[in-house]
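Residue numbers (our numbering): -17 to 189.
We put the beta carbon where it would ideally sit given N, CA and C, even for glycine.
Being a predicted model, the structure only gives us computed values, none of them experimental.
Report on one structure; see the data block that follows.
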């Protein structure tokens, strides 16, 4: 697992790296995490020493040398990213909750909306990927560089049915969906499930 992977990619792009290259850096970090069975975060990548130790371990794997070098470049950039003062960024309906994935508390903006945890969204994407759970659309495959990393996240438990906060489980409660399917999932007061919407699509295609 790579902590704040999507924020890391955004950091690289803001620093002048092309979107596809920045996305590749994220993939290199995922490979390091997977091959060495470690989580990459502020504790494990805290200094140049930790980076060297990780690269020493990586040198013992059967990965190609060029790939290892690219992993090293991505790790050093990740260290720079972690050393930056990270600004708080949130959409109007999203908050950062460092104490846990809590959702469901109402707040008044113009109308009541529900607080959503951006960390929970990112974790759901890390677990489930970027393909729509209904139609399987992938924005990078469809649109190229401009679509890298783009997807909506759908709450399987409708927040309007929850009167008190609860601990959301990003693996079980959140799934990636494209904006069109997301709109269909919220179109009525009795919204369909993911499977019901899939069935409706298949039925329509067979007509």
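In this structure, DSSP gives residue 112 a state outside helix and strand, which the three-state scheme calls coil.
Per DSSP, residue 152 is one residue of the alpha helix (DSSP H) stretching across 152 to 155. Around the beta carbon of residue 126, a 10 Å sphere encloses fewer than 16 other beta carbons of the protein chains shown; the residue is thus reported as exposed. Comparing alpha-carbon positions, the option among 128, 106 and 118 lying closest to residue 136 turns out to be 106. Around the CB of residue 49, fewer than 16 other CB atoms lie within 10 Å, so the residue is classed as exposed.
With respect to residue -9, residue 8 sits close: the two C-beta atoms are nearer than 8 Å. Counting along the chain, residue 27 sits inside no beta strand (DSSP E), nor does DSSP assign it H or E at all.
Inclusion of residue 64 and residue 27 in the CB contact set at 8 Å is warranted, their separation being smaller than that value. In the assembly as shown, residue 24 is an exposed residue. Its beta-carbon has fewer than 16 other beta-carbons within 10 Å. Distance from the CA atom of residue 111 to the CA atom of residue 166, rounded to whole angstroms, is 21 Å. Residue 17 sits in a helix when the DSSP states are folded into three classes. Counting only residues of its own chain and dropping the five nearest sequence neighbours on each side, residue 120 has a CB closer than 8 Å to the CB of 112, 113, 114 and 129.
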